[in-house]
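*Asks:*
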Amino acid sequence: MASLNSLEPLLSLAKRKGFVFQSSEIYGGLNGCWDFGPLGVELLRNIKDAWWKAMTYRADIVGIDASILMHPRTWEASGHVQQFSDPMIDNKTSKARHRADNLIEDFAARMRAKGKTDVAQQIDTRMAAVATNADLYDIIMDFAIPDPVSGTTDWTEVRNFNLMFSTHVGPVADDKSVVYLRPETAQGIFVNMKNVMESARLKPPFGIAQIGKSFRNEINTKNFLFRTREFEQMEMQFFIPPGTEGEWFEYWRQERWAWFTSLGINSEHLRRKPHERLAHYAAAAEDIEYLFPFGWGEVEGVHSRTDFDLMRHQEFSGKKLEYVDTATKERYVPYVIETAVGATRTFMAVLCDAYTEEEIDGGDGTTETRTVLRLKPSLAPVTAAILPLVNKDGMPEAAQQLRADLQRHFRVDYDTSGAIGRRYRRQDEVGTPFCITIDGQTTSDNTVTIRHRDSMQQERVNVADVAAVIGARLLQP
Ligand code: GAP
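Structure, rendered in structure tokens:
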């Protein structure tokens with residue numbers, strides 16, 4: 094059984110089968126933006142539903158859906174106007190712009206690959222001590238790091254480049270009308286904390302969950318859906334009494350790990366990465382990483398953020414953001430544990446993990462390669478495919494009746510074209526867990542076969558029981 098060691102097969106399948114297309118492809122595409130096709134949108138929706146259920150089908154967390162455009166002071170309070178930037182350097186000859194830290198790290202990796210480990214180590218040591226953009230510039234010049242495009246070291250100084258997209262509200266495009274497309278969903282939760290706490294009559298510990306689009310003008314948008322300019326996040330801020338952050342951080346790091354494994358992701362492809370350098374306000378932070386074909390990459394961050402965000406919004410808005418216990422008169426600004434996961438990045442991890450190529454018996458002494466998406470059945474874009482063996486002898490009628498019954502509960506495909514083996518392969522490739530074949534026996538005894546994607550085993554069941562058999566399988570953890 095082979096799994097992915099490059100993204101190429103996945104990209105090809107994603108396009109061919111309608112999971113993901115390049116945005117505005119007919120115009121040559123727009124870098125860092127992708128469109129979800131008919132199957133992709135279902136898989137993404139199922140992942141978001143799984144998250145929403147895990148986070149909000151409990152007594153202490155409620156959901157919201159805040160707007161993408163927010164008051165610009167929000168982003169001053171959050172620090173994004175000042176600090177949400179990457180250090181960029183331009184090559185004067187090629188005019189190519191690079192993230193300075195990436196340029197250095199890529200150069201060090203090339204040195205290592207050439208066996209010049211002493212140079213790579215010197216660079217690593219210098220990088221560990223970087224405090225300013227000037228430090229990055231000095232490393233680039235001291236090691237004569239060339240532009241990969243022009244090969245020259247004709248560099249500008251290193252400058253900060255803000256990653257927020259800005260636009261204007263209303264008809265006048267001046268400084269006063271600037272607003273930003275949100276770079277994270279979290280701030281919509283912080284600014285609504287008081288409204289939600291009071292309207293839903295909550296008291297800490299409680300959480301607010303949100304799923305929505307975020308936008309970042311990323312410089313390097315490589316690796317398919319991993320780093321894009323428009324993406325979807327699923328974030329939850331858990332508001333707690335100060336002093337309880339240690340136990341809640343531990344609780345959420347366990348819960349979030351368990352969620353990834355509940356999606357069917359192999360735990361050997363996941364790892365925890367505690368942050369080595371914490372932000373000055375943070376008490377603890379840990380990423381969950383997935384082993385993508387290009388290496389380990391963050392899929393979620395769990396952050397213990399103290400009362401930093403609410404204090405900042407209190408200061409910038411002039412509004413109290415406290416919890417007040419009316420009985421005891423105790424009052425405090427809640428501390429926050431944040432869980433922040435990318436829906437689109439998780440989509441990619443789920444696809445990578447499910448993608449399998451395996452050699453199977455071709456039936457006549459030969460072997461053939463079967464591509465199968467071993468998706469957890471509840472995540473699969475199509476739950477069941479209905480396949481009448483031939484298009485006559487009452488089979489289409491029985492199949493259409495079953496289709497009408499099943500699609501009241503599940504997404505169902507209907508396929509009559511080609512040999513049955515080829516139809517199974519088509520469904521395997523898109524991860525359909527159940528193929529239901531209507532054959533000559535169906536019209537005489539009202540039974541069909543259910544063929545299971547992973548084992549390729551078939552079972553014969555009464556037509557009336559098909560929905561219950563599938564439903565039970567979907568509910569399995
Ligand atoms: N509120 C905290 C926050 O936004 P983050 O680590 O910047 O934290 C959280 O983002 C998650 O959002 C990441 O772990 C990743 O899954 C996803 N994400 C961030 N930037 C992304 C991008 N450019 N493209 C796709 N997903 C992204």
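The sequence shown begins at 94 in the working numbering and counts up by one.
Note that beta-carbon positions come from the ideal geometry of N, C-alpha and C, so glycine has one too.
#1: Assuming Pro298 and Trp341 are in contact, meaning their beta carbons sit under 8 Å apart, how far apart are those beta carbons, in whole angstroms?
#2: Which residues share a DSSP beta bridge with Asp454?
#3: Indicate, with yes or no, if the ligand GAP has a heavy atom lying under 7 Å from the CB of Ala159.
#4: Going by the DSSP bridge assignment, what does Asn255 pair with across the sheet?
#5: What residue range does the beta strand (DSSP E) around Asn555 cover?
#6: What separation, rounded to the nearest whole angstrom, lies between the Cα atoms of Leu274 and Gln520?
#7: Between the Cα of Tyr507 and the Cα atoms of Gly533, Gly487, Glu522 and Thr476, which residue gives the shortest distance?
#8: Would you kindly check if the distance between the Cβ of Thr249 and the Cβ of Pro239 is under 8 Å?
#9: Which class does Arg219 belong to by DSSP, given the choice of helix, strand or coil?
#10: Measure the beta-carbon distance from Pro334 to Tyr230 and round it to whole angstroms, keeping in mind my assumption that it falls under 8 Å.
#11: To the nearest angstrom, report how far apart Asp228 and Thr210 are at their CA atoms.
#12: Which value, in whole angstroms, describes the spacing of the CA atoms of Phe331 and Asn316?
#13: Could you spell out the range, first to last residue, of the alpha helix (DSSP H) harbouring Lys576?
#14: For Lys185, which residues of its own chain have a beta-carbon under 6 Å away from its beta-carbon, when the five flanking residues on both sides are left out?
#15: Quick check: does the Cβ of Gln326 come within less than 7 Å of any heavy atom belonging to the ligand GAP?
#16: Would you say the beta carbon of Thr437 comes nearer than 7 Å to a heavy atom of the ligand GAP?
#17: Leaving out the 5 sequence neighbours to the left and right, which residues in its chain are closer than 8 Å to Ala565 when beta-carbon positions are compared?
#18: Does the Cβ-Cβ distance between Ile312 and Ile233 come in under 8 Å?
#19: Alpha carbon to alpha carbon, how far is Asn139 from Ile358?
#20: Taking the beta carbon of Arg166 as the centre, do at least 16 other beta carbons fall within 10 Å, making it buried, or is it exposed?
#21: How big is the Cα-Cα spacing for His191 and Glu328?
#22: Which one or two residues does DSSP pair with His396 in a beta bridge?
#23: Per the contact definition of three or more C-beta pairs closer than 8 Å, is the region 473 to 489 in contact with the region 529 to 545?
#24: What does the alpha-carbon distance come out to for the pair Arg219 and Glu198?
#25: Between the region 98 to 109 and the region 375 to 391, do three or more beta carbon pairs fall short of 8 Å?
#26: In the structure shown, what three-state DSSP assignment does Cys528 receive?
#27: In terms of residues, what are the limits of the beta strand (DSSP E) holding Val541?
#28: Once DSSP output is grouped into helix, strand and coil, what is the label at His502?
#29: Take Leu104 and list the residues in its own chain whose beta-carbon comes closer than 7 Å to its own, dropping the five residues that flank it on each side.
#30: Pick out whichever of Ile453, Gly394 and Asp158 has its Cα sitting closest to the Cα of Gly281.
#31: Going by beta carbon distance, what residues of the same chain come within less than 6 Å of Gly487, once the five residues before and after it are set aside?
#32: To which residues of the same chain is Gly111 closer than 6 Å at the C-beta, ignoring the five residues directly before and after it?
#33: Could you give the first and the last residue of the continuous beta strand (DSSP E) run that contains Phe129?
#34: Looking only at C-alpha atoms, which of Asp547, Arg496, Met286 and Ala420 sits nearest to Leu468?
#35: Just mark Gln494 as buried or exposed, buried being the case when its beta carbon has 16 or more other beta carbons within 10 Å.
#36: Could you pull the DSSP bridge partners for Glu323 from this structure?
*Replies:* Let's see:
#1: Start at 1 with the first residue of the sequence shown, and residue 298 comes out as number 205. Start at 1 with the first residue of the sequence shown, and residue 341 comes out as number 248. Yes, they are in contact, since the Cβ atoms of Pro298 and Trp341 sit about 7 Å apart, within 8 Å.
#2: Here residue 454 refers to the residue found at position 361 of the sequence shown. Its beta-bridge partners are Thr460.
#3: Taking the first residue of the sequence shown as position 1, residue 159 is located at position 66. False, no ligand heavy atom lies under 7 Å from that Cβ.
#4: For this step, residue 255 is matched to residue 162 along the sequence shown. In the DSSP output, where bridge partners are listed per residue, Asn255 has Ser178.
#5: Taking the first residue of the sequence shown as position 1, residue 555 is located at position 462. Start and end: Gln551 to Asn555.
#6: Residue mapping note: residue 274 aligns to position 181 of the sequence shown, counting from 1. Residue mapping note: residue 520 aligns to position 427 of the sequence shown, counting from 1. Between Leu274 and Gln520, the C-alpha separation is close to 39 Å.
#7: Position 414 of the sequence shown, counting from 1, holds the residue named residue 507. Minimum Cα distance to Tyr507 is reached at Thr476.
#8: What you label residue 239 is simply residue 146 of the sequence shown in a count that begins at 1. What you label residue 249 is simply residue 156 of the sequence shown in a count that begins at 1. Using a Cβ distance threshold of 8 Å, Pro239 and Thr249 do not count as a contacting pair.
#9: If you number the sequence shown from 1, residue 219 lands on position 126. Residue state, collapsed to three classes: helix.
#10: For the purposes of this step, residue 334 is taken as residue 241 along the sequence shown, with counting starting at 1. For the purposes of this step, residue 230 is taken as residue 137 along the sequence shown, with counting starting at 1. At roughly 45 Å, the Cβ-Cβ gap does not stay under 8 Å, so Pro334 and Tyr230 are not in contact.
#11: In the sequence shown, the residue the question calls residue 228 occupies position 135. In the sequence shown, the residue the question calls residue 210 occupies position 117. Cα-Cα distance, rounded: 21 Å.
#12: Indexing the sequence shown from 1 puts residue 331 at position 238. Indexing the sequence shown from 1 puts residue 316 at position 223. Using only the alpha carbons, I get a separation of about 31 Å.
#13: Because residue 576 is not part of the residues shown, which for the chain are 94 to 570, the question remains open.
#14: Counted from its first residue, the sequence shown places residue 185 at position 92. Hits under 6 Å: Asp247.
#15: Looking up residue 326 in the sequence shown gives position 233. Yes.
#16: As a first step, residue 437 must be located in the sequence shown, where it is residue number 344. Correct: Thr437 has its Cβ closer than 7 Å to the ligand GAP.
#17: Working through the sequence shown from its first residue, we reach residue 565 at position 472. There are no such residues.
#18: Looking up residue 312 in the sequence shown gives position 219. Looking up residue 233 in the sequence shown gives position 140. No, they are not a contact pair.
#19: Sequence index remark: in the sequence shown, residue 139 carries index 46 (1-based). Sequence index remark: in the sequence shown, residue 358 carries index 265 (1-based). Cα-Cα distance, rounded: 15 Å.
#20: What you label residue 166 is simply residue 73 of the sequence shown in a count that begins at 1. So Arg166 counts as exposed.
#21: Within the sequence shown, residue 191 is the residue found at index 98, counting from 1. Within the sequence shown, residue 328 is the residue found at index 235, counting from 1. Distance between the alpha carbons of His191 and Glu328: 30 Å.
#22: Numbered from 1 along the sequence shown, position 303 holds the residue referred to as residue 396. Ala378 and Glu431.
#23: Counting Cβ pairs under 8 Å, three or more are found: they touch.
#24: The residue labelled residue 219 in the question sits at position 126 within the sequence shown. The residue labelled residue 198 in the question sits at position 105 within the sequence shown. If I take the Cα positions, the gap works out to 11 Å.
#25: As far as the Cβ criterion goes, the region 98 to 109 touches the region 375 to 391, which means the pair count is three or higher.
#26: By 1-based counting over the sequence shown, the position of residue 528 is 435. Of the three classes helix, strand and coil, the one that applies to Cys528 here is strand, per DSSP.
#27: Start at 1 with the first residue of the sequence shown, and residue 541 comes out as number 448. Note, Val541: beta strand (DSSP E), Thr540 to His545.
#28: For the purposes of this step, residue 502 is taken as the residue at position 409 of the sequence shown. His502 carries a coil assignment under DSSP once its states are collapsed to helix, strand and coil.
#29: Against the sequence shown, residue 104 aligns to sequence position 11. Shown here for Leu104: same chain residues with a beta carbon closer than 7 Å to its own, the five before and five after excluded, namely Phe317 in chain order.
#30: Indexing the sequence shown from 1 puts residue 281 at position 188. For Gly281, the nearest C-alpha among the options comes from Asp158.
#31: Residue numbering aside, residue 487 sits at position 394 when the sequence shown is read from its first letter. Excluding residues within five positions, the ones whose Cβ falls inside 6 Å are Thr536.
#32: Here the question's residue 111 lines up with position 18 in the sequence shown. If we look at Gly111 and ignore the five residues flanking it on each side, its Cβ neighbours are Gly130, Pro131 and Leu132.
#33: The count along the sequence shown starts at 1 and reaches residue 129 at position 36. That run of the beta strand (DSSP E) goes Trp127 to Phe129.
#34: One-based indexing of the sequence shown puts residue 468 at position 375. Comparing Cα positions, the closest option is Asp547.
#35: Counting from 1 along the sequence shown, the entry for residue 494 is found at position 401. Its Cβ having fewer than 16 others within 10 Å, Gln494 is exposed.
#36: As a working note, residue 323 is residue 230 in the sequence shown. Glu323 is bridged to Phe308.
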